[in-house]
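J.:
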Ligand SMILES: [Zn+2]
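Listed below in structure tokens is the structure:
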């Protein structure tokens with residue numbers, strides 16, 4: 003992830019998994035800006051969805 007202020011790559015400071023989502027936390031070492039991004043679904047949620055698809059067909 004790129005800092006919107008400095009246009010440099012931000013450092014990943016953490017990774018949380020909750021509600022079936024993976025959230026990556028980032029911080030800019032230059033200006034201290036902190037942000038996060040949704041990294042898509044957590045693995046257990048993907049597996050759960052796959053099982054549901056099989057049940058429907
Ligand atoms: Zn910055």
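In this note's numbering, the protein residues as written are 3 to 59. Glycine is no exception: its CB is placed at the ideal position from the N, C-alpha and C atoms.
Around the Cβ of residue 5, are there at least 16 other Cβ atoms within 10 angstroms (buried) or fewer (exposed)?
T.: Per the 10 Å Cβ criterion, buried.
J.: What do you reckon, is the C-beta of residue 7 under 7 Å from a heavy atom of ligand 1?
T.: Correct: residue 7 has its Cβ closer than 7 Å to ligand 1.
J.: Leaving out five residues on either side along the sequence, give the residues of the same chain with a beta carbon under 6 Å from the beta carbon of residue 53.
T.: Around residue 53: no qualifying Cβ.
J.: Taking a contact to mean a Cβ-Cβ separation below 8 Å, would you say residue 17 touches residue 10 in this structure?
T.: Against a cut-off of 8 Å, the Cβ pair of residue 10 and residue 17 comes out as no contact.
J.: Enumerate in chain order the residues of its own chain whose CB-to-CB distance from residue 38 is below 7 Å, with the five nearest sequence positions on each side excluded.
T.: Excluding positions up to five away in sequence, the list reads 25, 26, 27, 28.
J.: Tell me the residue span of the beta strand (DSSP E) that contains residue 31.
T.: That residue, residue 31, is in no beta strand (DSSP E); it is neither H nor E in DSSP.
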